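Everything in the sequence shown is counted per full-length UniProt numbering, starting at 1 for the first residue and increasing by one.
The C-beta atom is built at its ideal place from N, Cα and C for all residues, glycine as well.
These figures come from a predicted structure and were not determined experimentally.
Worksheet: the structure to be examined is printed underneath.
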Amino acid sequence: MTTVRIIGAPTDYGANRRGVDMGPSAIRYGGLADQLAGAGVETVDAGDLLVPRAEERDPDADAPSEGKAKFLRETADVCRRLGDEVAATLADGEVPLALGGDHSIAIGSLSGSARDAEIGAVWFDAHADLNTPSTTPSGNVHGMPLAAALGIDEFADSEWATAPGLSPENVALVGLRSVDEAEAALIRERGFAAYTMSDIDERGITEVTEEALSVASAGVDGIHVSLDLDWLDPNAAPGVGTPVRGGVTYREAHSAMEIVDETDALRSMEIVEVNPTLDQHNETAELATELAASAFGKRVL
């Protein structure tokens, strides 16, 4: 039987809205353990990483080399520790499920998952998360995790950020609908497998997800799934910090996660950007638990 180890990473250092640090608690409260039990997997809850509040940071801590990236040192500390937890989980034969927190935690998840293996990654997100400290319009690191993991530009020498076993050829982005100009140029330049909502409209969620997983899983030891709840339409997932209209539906999201399970290649996963202060009756957190269950095998019949 598969054992899933839940690791909370309650950070909002990478986001532009407070409250996302309460995401792990909201997801647990939303019934994550019960949902995963319904999928037929055992769970071990490792608790939360200790993340100091942003107000406790040194106001002079930022270095000029960090460019416009906010809280980069604090993010690096969280991601180093999360990477160690993910790597230890895999070494114990369990599947790590990291709970954010904002999407910057993916830097840690990916670095830990790719530490001793070749992996692919599927990015279910409205955003590409391929900005760097020099291209970011906002300075928020939750818009940079994929660039960091791939060692792009300023991240090339960041040992805490890069995922050694992750190749751009095995990265697929699904459901894009808000991409910055520099990110779009990078996608074209590097040839990432990128699927917009228009692709999903034209081809259907099944075909797009199957193709994305085929790209991610080609010649690797397993895949990492990064699930940002703003991938869904705000009508289905209102409790996110950067909502974008026109996302996938509730049913499309479940279909995609069911296809993830069918590949039998899931190595690691994170669920991010659930912000209970913006949610309605915890419905986004509850949806996150349902989608996790689908990714780990829960079905109607």
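- L291 sits in a helix when the DSSP states are folded into three classes.
- In the DSSP annotation of this structure, S217 is not part of any beta strand (DSSP E); the continuous alpha helix (DSSP H) holding it starts and ends at I205 to S217.
- In this structure H281 is exposed. Its beta-carbon is surrounded by fewer than 16 other beta-carbon atoms within 10 angstroms.
- Relative to the Cα of A121, the nearest Cα in the group S294, E169, E258 and C79 belongs to E169.
- The residue from T2, D228, P243 and S226 with its alpha-carbon nearest to that of P234 is P243.
- For the segment 139–177, the full-length beta strand (DSSP E) segments reaching 3 residues or more read 166–176 along the chain.
- By the Cβ criterion, the segment 30–37 is in contact with the segment 286–293, since at least three pairs of Cβ atoms, one from each stretch, lie closer than 8 Å.
- Taking C-beta atoms as the reference points, R203 and G246 fail to come closer than 7 Å.
- Apart from the 5 residues on each side of it in sequence, E183 sits with its Cβ closer than 7 Å to the Cβ of A128, L130 and N131 in its chain, given in chain order.
- It is roughly 9 Å from the alpha-carbon of A237 to the alpha-carbon of W231.
- By the Cβ test, the segment 265–282 is in contact with the segment 105–125, since at least three Cβ pairs between them sit closer than 8 Å.
- Cβ-Cβ separation between I105 and L82: approximately 6 Å, consistent with a contact (criterion under 8 Å).
- Y195 carries a strand assignment under DSSP once its states are collapsed to helix, strand and coil.
- In the structure shown, M1 falls within a coil segment according to DSSP collapsed to helix, strand and coil.
- DSSP places R73 within a helical segment (H, G or I) once states are collapsed to three.
- Per DSSP, T263 lies in no beta strand (DSSP E); the unbroken alpha helix (DSSP H) holding it starts and ends at Y250 to T263.
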